[in-house]
Amino acid sequence: MSEGEGSLLCVLDTHVLIWYFTGNKRLSDELRDIVDRVRREGGRLLIPTIVLAEALNVATKGRVEFDFRQLYQLVRDEPEFEIVEFGAAVFDETLRVEGISEIHDRIIVATARFYAASLLTLDGVIRALGDDDSQ
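With the working numbering applied, the sequence shown corresponds to residues 474 to 608, in that order.
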């Protein structure tokens, strides 16, 4: 994602959201810097409801230790975060996403396409099939 090219509207995938929130070193400096810049410069970080559901599942199963309720409260309270729902319009876009077998990943890609947002992800398959601005 280059400066000024829709860079202040981003969709976060589950790993990016959790690892940013927990300060996990597995999140690249580049992705952390993008999220920080969007927050600093008044952009919007779109969080699909499917990402929240996945994060809840990760927390419940103990795969990554973090307080889901605290993460959820941050996403709800901070003005730069916006929870976006999985409705009919995003579902229609999901039907056009090909090459991704996991339905939750297809929904995340479709959400980024629907909102014409950059997709912040660590998943190489999603990056290859997502928006041109996927990171």
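Just so it is clear, CB atoms sit at the ideal spot from N, CA and C, and this is done for glycine as well.
For residue i, which residues of its own chain have a beta-carbon under 7 Å away from its beta-carbon, when the five flanking residues on both sides are left out?
i      : result
Leu595 : His488 and Val489
Leu500 : Val489, Trp492 and Tyr493
Glu529 : For the sequence presented, residue 529 should be read as Leu rather than Glu. So the list reads Phe541, once near-sequence residues are dropped.
Phe539 : Ile491, Phe494, Thr495 and Ala532
Asp550 : none
How would you write the range of the alpha helix (DSSP H) that residue i sits in, first residue to last?
i      : result
Arg517 : Premise fails: Arg517 lies in the beta strand (DSSP E), Arg517 to Pro521, not in any alpha helix (DSSP H).
Glu566 : Ala561 to Arg569
Ile556 : Per DSSP, Ile556 belongs to no alpha helix (DSSP H); it is in the beta strand (DSSP E), Phe554 to Val557.
Val582 : Ile576 to Phe587
Leu544 : Phe541 to Asp550
Where does residue i land, buried or exposed, given buried means 16+ other C-beta within 10 angstroms?
i      : result
Ile576 : exposed
Phe587 : buried
Arg542 : exposed
Leu547 : exposed
Ile520 : buried
Arg579 : buried
Leu504 : buried
Glu527 : buried
Excluding the 5 residues flanking residue i on each side, which residues of the same chain have their C-beta closer than 6 Å to its C-beta?
i      : result
Arg534 : Per the sequence presented here, residue 534 reads as Lys, with Arg not at that position. Nothing listed; no residue qualifies.
Ala589 : none
Leaving out five residues on either side along the sequence, give the residues of the same chain with a beta carbon under 8 Å from the beta carbon of residue i.
i      : result
Glu553 : Val511, Arg512, Gly515, Gly516, Arg517 and Leu518
Among all the DSSP beta bridges, which residues are the ones paired with residue i?
i      : result
Arg484 : Sequence check: residue 484 is Val here, not Arg. In the DSSP output, where bridge partners are listed per residue, Val484 has Leu519 and Leu592.
The region 501–513 touching the region 557–575, judged by at least three CB pairs closer than 8 Å: Flag = no, the region 501–513 and the region 557–575 do not touch.
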